[in-house]
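Remarks on the structure that follows.
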Amino acid sequence: MPATVANGIRQNYEVLLPRDAAPNPPTIVCVHGILIDSLASYYFTVAQALRAAGFRVVLYDLRGHGKTEQPPSAYRLDDFVDDLAALLDTLDVPEAHFLGNSFGGTIVYGLAARHPHRVTGIVAIESEPATAPWSTKMATNLHKAATQLGTFEATAWITARYGRDLARRSKRAARLLAATTLERDLPTSTVLSDPQIAEIACPTLALYGSKSDLAAQAEHLRTLMPRYEPVILPGLEHSVLVEAPARVLDLILGWLAEHRLAERGSA
Amino acid sequence: MTAETTTTVLAEVAAMLGSILDEYGIDDIDIDRDSRFHDDLELESVDLVTLAGMLAERYGERVNLAEFIADLGLDEIIELTVGQLVEHVTVSLAADTSAASATSATPFTSVTSSESS
Numbered sequence: 002m003p004a005t006v007a008n009g010i011r012q013n014y015e016v017l018l019p020r021d022a023a024p025n026p027p028t029i030v031c032v033h034g035i036l037i038d039s040l041a042s043y044y045f046t047v048a049q050a051l052r053a054a055g056f057r058v059v060l061y062d063l064r065g066h067g068k069t070e071q072p073p074s075a076y077r078l079d080d081f082v083d084d085l086a087a088l089l090d091t092l093d094v095p096e097a098h099f100l101g102n103s104f105g106g107t108i109v110y111g112l113a114a115r116h117p118h119r120v121t122g123i124v125a126i127e128s129e130p131a132t133a134p135w136s137t138k139m140a141t142n143l144h145k146a147a148t149q150l151g152t153f154e155a156t157a158w159i160t161a162r163y164g165r166d167l168a169r170r171s172k173r174a175a176r177l178l179a180a181t182t183l184e185r186d187l188p189t190s191t192v193l194s195d196p197q198i199a200e201i202a203c204p205t206l207a208l209y210g211s212k213s214d215l216a217a218q219a220e221h222l223r224t225l226m227p228r229y230e231p232v233i234l235p236g237l238e239h240s241v242l243v244e245a246p247a248r249v250l251d252l253i254l255g256w257l258a259e260h261r262l263a264e265r266g267s268a
Numbered sequence: 050m051t052a053e054t055t056t057t058v059l060a061e062v063a064a065m066l067g068s069i070l071d072e073y074g075i076d077d078i079d080i081d082r083d084s085r086f087h088d089d090l091e092l093e094s095v096d097l098v099t100l101a102g103m104l105a106e107r108y109g110e111r112v113n114l115a116e117f118i119a120d121l122g123l124d125e126i127i128e129l130t131v132g133q134l135v136e137h138v139t140v141s142l143a144a145d146t147s148a149a150s151a152t153s154a155t156p157f158t159s160v161t162s163s164e165s166s
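Taken in order, these protein sequences are the chains called A and B. Basically our numbering = 1-based index in the first sequence + 1. Basically our numbering = 1-based index in the second sequence + 49.
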């Protein structure tokens, strides 16, 4: 798998090119979630189908995750956003659609707020922009993860409920938390105000599981963001992407097709 | 498919897995047909993405690990053995009429040269 140094760390990435090799295919960049996640969540769910639909698909591992370097410090949201912007510079991707899962969506909203010209569209799966309440929640969740994730009891429970691959990834997440300042850094990230969120004006498709507490944010975001379109998937919790990849893929492809047609129509 | 092809593919796949394990500083695991990805080699899903890239580099689009896995589900492939993957590779190669050119394809050792720093 290729890797490159961008924003001062070695970043692991994968680029899937469409088979029909049309010149300048549109790019979609997939940003994974925090702690137990890696680019594999996309690779083995929606990435191949996005490629088949004619997109150049960029996947990468966040700092400290997967096979990307794990620096001991610098784990604020802006560090993650800077990593992504620098990686895209290296890959010569000036603008793209972005697919963000969970914390990956928070990174994408951050990129859109700081570099609006780079983001032509957002698909955010079970995600939220970084706000003051987000910081408080992350502080609690990261502390809980740091104190519980590596324990024998947690590993046994995760193995029984979700299988051994997740159990192994959870142990790795515990090591990430123990070896870095992630738990301390992320809750002190610079967050977005409502007016800053309102400036994210690109088309945005936001997918939520109906059983997730994030779905409650949809109404507020709809009043803020001019082109925000929420879809709530019945019966699902937070892991929408891995629980219902086919449904997620249908929604993404339908939405992308709509916007590509709209773009052509206005051209 | 000849036994020789299977032996060759096994050696090549074992070399790929060996280079993945090397990254973790593990160089003393014997990789054979019965080695299980998860229990014996202690590989994670992200390692399978690396392996998929190596397979595509070596054998081209004829061997698509992502599609193979999509058919099985990730949980099942974690339970897979090296021998089962080798069988998938050899069957995929045999199914393709251009399989004969496989031996003249880029040698596996060039895979690492695709990495930049």
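Think of the CB as a built atom: it goes at the ideal place given N, C-alpha and C, for glycine as much as any other residue. Keep in mind the model is a prediction, meaning the values are calculated, not measured.
### Message
With a threshold of 8 Å on Cβ separation, who are the neighbours of B/S153 within its own chain once the five nearest residues in sequence on each side are excluded?
### Response
As a position in the second sequence, residue 153 of chain B is number 104, starting the count at 1. For B/S153, the predicted model reports a pLDDT of 43, less than 50, meaning its position is unreliable; a value from the coordinates is still stated below. Hits under 8 Å: none found.
### Message
So with CB distances below 9 Å, who are the chain B contacts of A/Q49?
### Response
Within the first sequence, the letter at position 48 stands for residue 49 of chain A. Simply N113, A115, E116 and A119.
### Query
Any C-beta of chain A sitting closer than 8 Å to the C-beta of B/H87?
The residue you call residue 87 of chain B lines up with position 38 of the second sequence. Closer than 8 Å: yes.
### Message
Let me see if you follow: with CB-CB separation under 8 Å, is B/A151 close to chain A or not?
### Response
In the second sequence, the residue the question calls residue 151 of chain B occupies position 102. In this prediction, B/A151 has a pLDDT of 45, which is less than 50 and means its spatial position is unreliable; nothing more can be read from the coordinates.
### Query
Okay, do the stretch 183–190 of chain A and the stretch 151–164 of chain A touch, 3+ Cβ pairs below 8 Å being the bar?
no
### Task
Examine chain B for any beta-carbon lying closer than 8 Å to the beta-carbon of A/D166, and answer yes or no.
Sequence index remark: in the first sequence, residue 166 of chain A carries index 165 (1-based). So yes, A/D166 belongs to the interface.
### Task
List the residues of chain B that A/F56 touches, going by C-beta distances under 9 Å, in chain order.
To locate residue 56 of chain A, count along the first sequence from 1; it is residue 55. Going along chain B, no residue has its Cβ under 9 Å from A/F56, so there is no contact; the nearest lies around 15 Å.
### the stretch 3–37 of chain A: positions lying closer than 8 Å to chain B by Cβ
P3, A4, T5, V6, R11, E15 and R20
### Task
Could you tell me the distance, in whole angstroms, from the CA atom of B/R85 to the CA atom of B/E91?
Start at 1 with the first residue of the second sequence, and residue 85 of chain B comes out as number 36. Start at 1 with the first residue of the second sequence, and residue 91 of chain B comes out as number 42. If you take the alpha carbons of B/R85 and B/E91, they lie about 8 Å apart.
### Query
Beta-carbon of B/V95 versus every beta-carbon of chain A: anything under 8 Å?
By one-based count along the second sequence, residue 95 of chain B stands at place 46. Chain A, which has a Cβ nearer than 8 Å to the Cβ of B/V95, makes this yes.
### Message
If we define contact as Cβ-Cβ less than 8 Å, is A/S240 a contact residue for chain B?
### Response
By 1-based counting over the first sequence, the position of residue 240 of chain A is 239. False, the Cβ-Cβ gap to chain B never drops below 8 Å.
### Query
Among A/G65, A/A53 and A/P19, which has the Cα closest to the Cα of A/H33?
Position 32 of the first sequence holds residue 33 of chain A. Looking at the Cα atoms, A/G65 is the closest of the given residues.
### Query
Ends of the beta strand (DSSP E) at A/N142?
Walking along the first sequence from the start, residue 142 of chain A turns up at place 141. Element bounds for A/N142: not the beta strand (DSSP E) but the alpha helix (DSSP H), A133 to Q149.
### Query
In the DSSP assignment, what residue or residues form a beta bridge with B/A60?
Here residue 60 of chain B is taken as the residue at index 11 of the second sequence, counted from 1. Looking at the DSSP assignment, B/A60 forms no beta bridge with any residue, so it has no partner.
#### Entry: A/F45 at chain B interface by Cβ criterion, 8 Å
Position 44 of the first sequence, counted from the start, is the residue given in the question as residue 45 of chain A. Output row for A/F45: interface = yes.
### Own chain partners of A/A147 with C-beta closer than 8 Å, once the 5 adjacent residues on each side are dropped
Start at 1 with the first residue of the first sequence, and residue 147 of chain A comes out as number 146. Excluding residues within five positions, the ones whose Cβ falls inside 8 Å are A175, L178, A179 and E184.
### Interface positions of the stretch 58–75 of chain B facing chain A (Cβ-Cβ less than 7 Å), listed along the chain
none
### Message
I'd like to know if B/V138 contacts chain A, where contact means its C-beta is closer than 8 Å to some C-beta of that chain.
### Response
What you label residue 138 of chain B is simply residue 89 of the second sequence in a count that begins at 1. B/V138 does not count as touching chain A.
### Message
Taking the alpha carbon of A/R119 as the reference point, which residue from A/A97, A/M139 and A/T132 has its own alpha carbon closest?
### Response
Stepping through the first sequence from its first residue, residue 119 of chain A is reached at position 118. Nearest C-alpha to A/R119: A/A97.
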